[in-house]
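Asker: Starting off with a structure, shown below.
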Amino acid sequence: MADSFNQGDELRGKIERLITWRSGTNRAPHKPLQLLIAIANAQNGGPRLQSFSEIEPKLRVALDTFGPVRKSTHPEYPFWHLKTDKIWEVKSDKEVTLRRNSINPSAKELRDKNATGGLLPNYFDAVKSSPALQMDIIHDILDNHFPASIHEDIINFFGLVLKEGEGEPSRDSSQFRRQVLVAYDGTCAISNFSVRMNDAIMGVEATHILWPQAGGRNSISNAIAMSTLHRKLFHLGVFTIDSSFRIRICQKASGKNGFNDALGQYEGKKISLPTDSSIHPSQDALAWHRDQVFRH
Numbered sequence: 055m056a057d058s059f060n061q062g063d064e065l066r067g068k069i070e071r072l073i074t075w076r077s078g079t080n081r082a083p084h085k086p087l088q089l090l091i092a093i094a095n096a097q098n099g100g101p102r103l104q105s106f107s108e109i110e111p112k113l114r115v116a117l118d119t120f121g122p123v124r125k126s127t128h129p130e131y132p133f134w135h136l137k138t139d140k141i142w143e144v145k146s147d148k149e150v151t152l153r154r155n156s157i158n159p160s161a162k163e164l165r166d167k168n169a170t171g172g173l174l175p176n177y178f179d180a181v182k183s184s185p186a187l188q189m190d191i192i193h194d195i196l197d198n199h200f201p202a203s204i205h206e207d208i209i210n211f212f213g214l215v216l217k218e219g220e221g222e223p224s225r226d227s228s229q230f231r232r233q234v235l236v237a238y239d240g241t242c243a244i245s246n247f248s249v250r251m252n253d254a255i256m257g258v259e260a261t262h263i264l265w266p267q268a269g270g271r272n273s274i275s276n277a278i279a280m281s282t283l284h285r286k287l288f289h290l291g292v293f294t295i296d297s298s299f300r301i302r303i304c305q306k307a308s309g310k311n312g313f314n315d316a317l318g319q320y321e322g323k324k325i326s327l328p329t330d331s332s333i334h335p336s337q338d339a340l341a342w343h344r345d346q347v348f349r350h
């Protein structure tokens, strides 16, 4: 049992130090998303090694939904390169050939060679035998790579089992929320929605523009007050805000039963801004959101 705990602590440490590509505030959560597939597989009693052909469709959609905006997605990258973090292995029927002048094989090569991948045996056994470790790793990945507003969406997408109750928000996060809501008079900058109960502001949240997971700070100029609905849609890239503070909605976004009332009608509308221009949303942060999060 003690050895299992040691393996779990060791694995969490390595996941904390994952080698992920970064360039300034550009992010690449490919490996974290691949690991969430592996954890979900362990929770469901699946085999240690999963075929790339099985993983590829799910990971491709995950990258397209929760990863940065790119012209193309590459699920083969995390499947292959998690080996460098010394927690993962890849096996295949025949030797995998890398692309010319590259450190990566193609997705087709992994499929053709029937490549399978998964956590190393000691780590897989530790994860599979410990629901507590599974939950700790899920929390670590979500907290380190994604904003809290979309954690539930990611959990549901992968079918993960997660423990209830995360306690009270930290003092810093509570103070940040309070400062942003005061600046925006407790009102959603998108829809002007506002509800108070006994002087408590309900259903409106401080929404990071440049995510803390990408280096964003808890500052008023890196935040906009939004309803909980708009906060989630903003973090999922369904809409963004241009340099003139006008709302731009993803052309792929559509819906029925209130879509226009909730979002569609705001296309091109200028958001409500604080009176003090020094705390208006940062243009650099908005540019990051348009480049890294908005789905176009």
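Sequential numbering of the sequence shown, starting at 55, is according to my numbering.
Every residue gets a Cβ at the ideal spot worked out from N, C-alpha and C, and that includes glycine.
Please state if the CB of Ile109 and the CB of Leu89 are separated by a distance shorter than 8 Å.
Answerer: No. Outside cutoff.
Asker: For Gln305, which of helix, strand or coil comes out of DSSP?
Answerer: Coil at Gln305, not helix or strand.
Asker: To test your reading of the DSSP string, which unbroken beta strand (DSSP E) runs of 3 or more residues are found completely within the stretch 123-211?
Answerer: List check, beta strand (DSSP E) in window: 142-145 and 170-173.
Asker: How would you call Ser298, buried or exposed, if buried means at least 16 neighbouring beta carbons within 10 angstroms?
Answerer: Counting Cβ neighbours within 10 Å, Ser298 comes out exposed, since fewer than 16 surround it.
Asker: So if DSSP puts Gln104 in a beta bridge, which residue, or which two residues, is it bridged to?
Answerer: Gln104 is bridged to Gly171.
Asker: Does the contact criterion of 3 or more C-beta pairs under 8 Å hold for the stretch 60-74 versus the stretch 177-185?
Answerer: With the cut-off at 8 Å, the stretch 60-74 and the stretch 177-185 touch.
Asker: May I ask you to check if the CB of Ala277 is nearer than 7 Å to at least one heavy atom of the ligand HEM?
Answerer: Absence of the ligand HEM from the depicted structure is noted, as is the absence of any ligand whatsoever, leaving it without description.
Asker: Using a Cβ distance threshold of 8 Å, determine whether the stretch 257-271 contacts the stretch 319-333, with at least three qualifying pairs required.
Answerer: Flag = no, the stretch 257-271 and the stretch 319-333 do not touch.
Asker: Give me the Cα-Cα distance between Pro335 and Ile274, rounded to the nearest whole angstrom.
Answerer: Each residue's Cα considered, the two are about 8 Å apart.
Asker: Rounded to whole angstroms, what is the Cα-Cα separation between Ile73 and Ser146?
Answerer: If you take the alpha carbons of Ile73 and Ser146, they lie about 23 Å apart.
Asker: Quick one: grab the DSSP three-state call for Ala316.
Answerer: Ala316: helix per DSSP, three-state reduction.
Asker: Taking all protein chains shown into account, do 16 or more other C-beta atoms lie within 10 angstroms of the C-beta of Gly270, making it buried, or fewer, making it exposed?
Answerer: Buried.
Asker: Check whether the Cβ atoms of Ala92 and Leu173 lie closer than 8 Å to each other.
Answerer: Contact: yes.
Asker: Below 7 Å CB to CB, which residues in the same chain sit around Trp265 once its five sequence neighbours on both sides are set aside?
Answerer: Taken in chain order, the residues that qualify are Pro201.
Asker: Cutting at 7 Å between CB atoms, please list the residues of its own chain near Gln337, excluding the five before and the five after it.
Answerer: Excluding sequence neighbours, Gln337 sits near Ser297.
Asker: I need the boundaries of the alpha helix (DSSP H) containing Arg349, first residue and last residue.
Answerer: That residue, Arg349, is in no alpha helix (DSSP H); it is neither H nor E in DSSP.
Asker: Taking the alpha helix (DSSP H) that Ile278 belongs to, which residues open and close that run?
Answerer: Ile278 -> not in any alpha helix (DSSP H); beta strand (DSSP E) instead, spanning Ala277 to Ser281.
Asker: What separation, rounded to the nearest whole angstrom, lies between the Cα atoms of Phe293 and Asp197?
Answerer: If you take the alpha carbons of Phe293 and Asp197, they lie about 23 Å apart.
Asker: Tell me which same chain residues have a C-beta within less than 6 Å of the C-beta of Val347, skipping the five on either side of it?
Answerer: Gly291.
Asker: Can a CB atom of chain D be found closer than 8 Å to the CB of Ala169?
Answerer: Any reference to chain D falls outside this structure, which holds one protein chain only.
Asker: Please confirm whether Lys137 and Lys167 have their CB atoms less than 8 Å apart.
Answerer: The answer is no: Cβ separation not under 8 Å.
Asker: Thinking just about the alpha-carbon of each residue, which of Gly171, Lys125, Gly121 and Pro159 is nearest to the one in Trp356?
Answerer: Coverage of the chain is limited to positions 55 through 350, which leaves residue 356 absent and any answer about it impossible.
Asker: Within 10 angstroms of its Cβ, does Val234 collect 16 or more other Cβ (buried), or is it exposed?
Answerer: Answer is buried; the Cβ neighbour count reaches 16.
Asker: Using the rule of at least 16 other Cβ atoms within 10 Å of the residue's Cβ for burial, across every protein chain shown, is Arg250 buried or exposed?
Answerer: Result: exposed.
Asker: Under 8 Å by Cβ, that's how I've got Ile192 and Leu164 pegged, so tell me the actual separation to the nearest angstrom.
Answerer: Not a contact, Cβ separation roughly 26 Å.
Asker: So, at 7 Å on beta carbons, what are the nonlocal neighbours of Leu152 in its own chain, with the 5 sequence-adjacent residues on each side left out?
Answerer: Answer for Leu152: Asn158 and Pro159, listed in chain order.
Asker: Give the DSSP bridge partners of Ile295, in chain order.
Answerer: Answer is Ile301.
Asker: Does Lys85 come out as helix, strand or coil in the three-state DSSP assignment?
Answerer: Helix, per DSSP.
Asker: Just to confirm the assignment, what range does the beta strand (DSSP E) spanning Ala260 have?
Answerer: First-last of the beta strand (DSSP E) with Ala260: Val258 to His262.
Asker: Any idea what DSSP makes of Val115, helix, strand or coil?
Answerer: Helix.
Asker: Where does Ala96 fall in DSSP's three states?
Answerer: Residue state, collapsed to three classes: helix.
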